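Chains A and B, in that order, give the protein sequences. Numbering-wise (this note's numbering), the first sequence opens with residue 50 and increments by one. Numbering-wise (this note's numbering), the second sequence opens with residue -14 and increments by one. Just below is one structure, and these are the notes that go with it.
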Amino acid sequence: MFIQQLINGLTLGSIYALFALGYTMVYGILLMINFAHSEIFMVGAYVGFWVLSALPFLFPQITPLYLLIVFVLAMVVTGALAAFMERTAYRPLRHAPRLAPLISAIGVSIFLQNIIMLTVGAESQPYPQTMQLEQMEFGGIRLNTLQIFIFVLAVSLMVILQLFITRTKLGKAMRAVAQNHIVSQLMGINTNTIIAVTFFIGGGLGGVAGVLNGLYYGSIKYNMGFLPGIKAFTAAVLGGIGNIKGAMIGGFILGVLEALAAGYISSEYKDVIAFVVLIFVLLFKPTGLFGEEVAEKI
Amino acid sequence: MKLAGIIVSVGLLLALAGCGGTGEQVVKVALVCPLTGDIAAHGQGMKRGFEMAIEDANAAHKLGAAKIEAAIFDDRGDPKEAVTIANQIISDRAIIGVIGHLNSGCSIPASRIYEKRNVPMITPASTNPKLTMQGYKNVFRVCGTDDVQGSWAGNYVLDTLKYNQVVVVHDKTPYGQGLAEEFQKQIVARGGIVTSFNGIDQGEKDFKALLTRIKTENPQVLFFGGLYAEAGLITKQMKELGLAVPLMGGDGMFSNEFARIAGPASEGDFATMVGLPPSKLPQAADFLARYAAKYPGQDMQPYDPYTYDAATLLLDAYAKVNQNRDSLIAAIAGTTYDGILGRTTFDERGDTRNKQISIYHIKDGRFAYYEHK
Chain A
50 MFIQQLINGL TLGSIYALFA LGYTMVYGIL LMINFAHSEI FMVGAYVGFW
100 VLSALPFLFP QITPLYLLIV FVLAMVVTGA LAAFMERTAY RPLRHAPRLA
150 PLISAIGVSI FLQNIIMLTV GAESQPYPQT MQLEQMEFGG IRLNTLQIFI
200 FVLAVSLMVI LQLFITRTKL GKAMRAVAQN HIVSQLMGIN TNTIIAVTFF
250 IGGGLGGVAG VLNGLYYGSI KYNMGFLPGI KAFTAAVLGG IGNIKGAMIG
300 GFILGVLEAL AAGYISSEYK DVIAFVVLIF VLLFKPTGLF GEEVAEKI
Chain B
-14 MKLAGIIVSV GLLLALAGCG GTGEQVVKVA LVCPLTGDIA AHGQGMKRGF
36 EMAIEDANAA HKLGAAKIEA AIFDDRGDPK EAVTIANQII SDRAIIGVIG
86 HLNSGCSIPA SRIYEKRNVP MITPASTNPK LTMQGYKNVF RVCGTDDVQG
136 SWAGNYVLDT LKYNQVVVVH DKTPYGQGLA EEFQKQIVAR GGIVTSFNGI
186 DQGEKDFKAL LTRIKTENPQ VLFFGGLYAE AGLITKQMKE LGLAVPLMGG
236 DGMFSNEFAR IAGPASEGDF ATMVGLPPSK LPQAADFLAR YAAKYPGQDM
286 QPYDPYTYDA ATLLLDAYAK VNQNRDSLIA AIAGTTYDGI LGRTTFDERG
336 DTRNKQISIY HIKDGRFAYY EHK
């Protein structure tokens, strides 16, 4: 049973981790919590839903390519939406007091939820099942292809992101902007572009997490982003907000903790237990597990 | 003073125009149920039943010259919203009574508000017994209750399915938890084994950790007190984890939406319903035919005929007391109404005496009535 719970937790954790990256990247670069990120996740799930529903009519033959098309489209649409959000709702407030963009983010979140609720409807929509689920069993432990797919996709996206941040010029520019906006501007970096790129990447990963969530649980709804949004944000804080590796590890830890708490102690108390652990981690390590001490920004 | 005078006279003029202008008197009946949200499928069905009742009453000139108008509100299944709407309703003097709400969690707090102004409330769907145990004279219920439903389901599991090891899951709402407790009580009282009693959160999607543990308890059936959205996810995840036992629930998951969410995993699952299937009742045939003609392609939801009956019963009582609102509540309490679902009379608490339970199971993706001996 322990291994089964570990599998449950890691699948859930993969989605949290992908989702958490968007929170942590934006925080790293702007010191701002983008509350509308949970709606990016939801929109991603809906884009996937529409594409999956439309594809069989457009191209009845190319079934194996479905998922690739779905993920690329969902990523592009949600990435663009996140960048657009930054341009319209956050950039004009960049030099305002820190509370202002936060409130603006809450506004964007409510706006997107209501737009989807009013145009698409408030009911749960069953997600189209395109993947042939192969159930495997090893000594009483059940695992399906979708769970493996989610884990592999999440880990590879995170590795690609890590390489992008550490090995490319654009990644270097992102790190520079995160350290200091003004100095990096003096060095010839266009900070506005870099911030928009950060939102695009974070949003795209959130959109992929949304599609994975839809595929895995099989139903989506306009307010589906809220609860996992809080969990993903928690994962980002647990790992050390602003730190990309921290967000990934934090997501996996939170997913596994929840599964173990629900499996061994009580399903009613699983969130209580997960959050008590979070409080303890923060008491002893206020910057999170992987957070570094950063010199105060002036 | 002068301004106040003008306001008063304008108000009087408007009031005169309102009732004297066309010579038509308007009587409003309110329906409150979730038209959006997690259990909107049930609420939308209630709305269809309600609209038919109002149409029929107008066609029959039930209140003489007075025109009957439907005032329909959406409480989204949210207790806070339900209370806000209840306050709105009691401030509208044209509303003679309320049909609703659906969720017990909404009906109970809202009933306190209607009681303050003596507005009669007839719920076609809230099944938590506590609703009518508050001692309010204005609260009535035309459907069965969870104490009857839960113990009936318990007996069904023990006697018909011949299972004696069950596990119980509920959604921590007054409806879901209430029903689950009644079921558990019956199983334990008759010597069955409840391996564990677990709460989940509404809106949660991942139940695999809990279900993995439940699998090790080797239950023969999982009983769920809650609504169809969560029920669908649970049965789907049960089968993915290899926990191949049926899921059984109450009226809250009795909707074909359940099978739509769960897909083929729901095949063979059960739901009880507070009342007999309308398709087996001879007096309902006419209603069913007219419903199908009026709403082609729409699935009848479990509470549509109850809502129809509740609204018609209220208007009949109002007609009987010559539209005197002060005696309306007493008239409902003393009513004997023969409707779609048989004869409704109320006991001293306001519950119907017509408490029958039936059981359905999923066959080819739809709930089908299950004849039992």
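Virtual Cβ for every residue (Gly too), placed ideally from N, Cα, C. Predicted model only: the values in this text are computed from it and were never measured.
Residue closest to residue i, alpha-carbon to alpha-carbon, out of the options
i: D131 of chain B; options: B:N123, B:M118 and B:K122; result: B:M118
i: I64 of chain A; options: A:P335, A:F324, A:G274 and A:V330; result: A:G274
i: G295 of chain A; options: A:F51, A:A66, A:G156 and A:N57; result: A:A66
i: I314 of chain B; options: B:D323, B:R328, B:L299 and B:G327; result: B:L299
i: A110 of chain B; options: B:K32, B:K193, B:A55 and B:V151; result: B:K32
i: V154 of chain B; options: B:E215, B:F209, B:K47 and B:Y345; result: B:F209
i: I80 of chain B; options: B:F125, B:A42 and B:V11; result: B:V11
i: K305 of chain B; options: B:V14, B:F272, B:K47 and B:Q29; result: B:K47
i: T180 of chain B; options: B:V152, B:T292 and B:D236; result: B:V152
Residue i - partner residues in DSSP beta bridges
i: P231 of chain B; result: Paired residue(s): none; P231 of chain B is not in a bridge.
i: N193 of chain A; result: A:Q184
i: K52 of chain B; result: B:V11
i: L207 of chain B; result: B:V152 and B:L232
i: G324 of chain B; result: B:G327
i: G93 of chain A; result: None; G93 of chain A has no bridge partner.
i: Q341 of chain B; result: Partner(s): none; Q341 of chain B has no beta bridge.
i: Q174 of chain A; result: A:I269
i: H346 of chain B; result: B:F255 and B:A353
i: M106 of chain B; result: B:V83 and B:V124
i: G369 of chain B; result: Outside the displayed range of chain B (-14 to 358) lies residue 369 of chain B, so it cannot be described from this structure.
Residue i and residue j closer than 9 Å at C-beta
i: F58 of chain B; j: A296 of chain B; result: no
i: G312 of chain A; j: L195 of chain B; result: yes
i: F359 of chain B; j: I317 of chain B; result: In the structure displayed, chain B extends from -14 to 358; residue 359 of chain B sits before or after that span and is not available.
i: R191 of chain A; j: Q53 of chain A; result: yes
i: G85 of chain B; j: T112 of chain B; result: no
i: T247 of chain A; j: V232 of chain A; result: no
i: P146 of chain A; j: A138 of chain A; result: no
i: Y322 of chain B; j: D301 of chain B; result: yes
i: F249 of chain A; j: A131 of chain A; result: yes
i: L252 of chain A; j: G128 of chain A; result: In the sequence on display, residue 252 of chain A carries Gly and not Leu. Against a cut-off of 9 Å, the Cβ pair of G128 of chain A and G252 of chain A comes out as a contact.
i: I185 of chain B; j: S173 of chain A; result: no
i: G97 of chain A; j: A308 of chain A; result: no
i: S268 of chain A; j: I246 of chain B; result: yes
i: F255 of chain B; j: I344 of chain B; result: yes
i: V157 of chain A; j: E88 of chain A; result: yes
i: G161 of chain B; j: S251 of chain B; result: no
Assigned secondary structure, residue i (DSSP; H/G/I helix, E/B strand, else coil)
i: R351 of chain B; result: strand
i: K279 of chain B; result: helix
i: Q150 of chain B; result: strand
i: D191 of chain B; result: coil
i: G6 of chain B; result: The predicted position of G6 of chain B is uncertain, since its pLDDT is 45 and thus under 50; a value taken from the coordinates is nonetheless stated next. Coil.
i: G304 of chain A; result: helix
i: S316 of chain A; result: coil
i: V179 of chain B; result: strand
i: F84 of chain A; result: coil
i: D289 of chain B; result: helix
i: D23 of chain B; result: coil
i: T112 of chain B; result: coil
i: L16 of chain B; result: strand
i: F239 of chain B; result: coil
i: G299 of chain A; result: helix
i: I57 of chain B; result: strand
i: D77 of chain B; result: coil
i: D336 of chain B; result: strand
i: R140 of chain A; result: helix
i: R147 of chain A; result: coil
Under 8 Å from the C-beta of residue i: neighbouring residues of chain E
i: K32 of chain B; result: Chain labels in this structure do not include chain E; the protein chains are A and B.
Residue i beta carbon near the ligand FMN (any heavy atom closer than 8 Å)
i: I219 of chain B; result: The ligand FMN is absent from the structure shown, which contains no ligand whatsoever.
Worksheet entry | Three CB pairs or more closer than 8 Å across the segment 75 to 85 of chain A and the segment 257 to 273 of chain A | In short, these stretches do not touch, since the Cβ pair count stays below three.
Worksheet item: Do three or more CB pairs link the segment 156 to 169 of chain A to the segment 288 to 303 of chain A at distances below 8 Å?
Response: no
Worksheet entry | Segment contact, 8 Å Cβ cut-off, at least three pairs: the segment 213 to 230 of chain A with the segment 273 to 286 of chain B | no
Practice prompt. For the segment 76 to 93 of chain B and the segment 251 to 264 of chain B, state whether three or more C-beta atom pairs, one from each stretch, are separated by less than 8 Å.
Written response: no
Fill in: the segment 327 to 340 of chain A touching the segment 203 to 212 of chain B, judged by at least three CB pairs closer than 8 Å
no
Practice prompt. May I ask you to verify whether the segment 137 to 146 of chain B touches the segment 182 to 192 of chain B, counting CB pairs closer than 8 Å and requiring at least 3?
Written response: The way I'd put it, the segment 137 to 146 of chain B doesn't touch the segment 182 to 192 of chain B; fewer than three beta-carbon pairs between them come closer than 8 Å.
Worksheet item: Is the segment 232 to 247 of chain B touching the segment 302 to 311 of chain B, taking contact as three or more C-beta pairs under 8 Å?
Response: no
Worksheet item: Is there contact between the segment 85 to 103 of chain A and the segment 115 to 122 of chain A, where contact requires at least three CB pairs shorter than 8 Å?
Response: yes
Discussion item. Tell me whether the segment 304 to 324 of chain A and the segment 215 to 231 of chain B touch, counting them as touching only if at least three CB pairs, one residue from each stretch, are closer than 8 Å.
Written reply: Contact check between the segment 304 to 324 of chain A and the segment 215 to 231 of chain B: fewer than three CB pairs, one atom from each, fall below 8 Å, which does not count as touching.
Practice prompt. Please determine if the segment 97 to 104 of chain B and the segment 222 to 233 of chain B are in contact, where contact requires at least 3 C-beta pairs separated by less than 8 Å.
Written response: no
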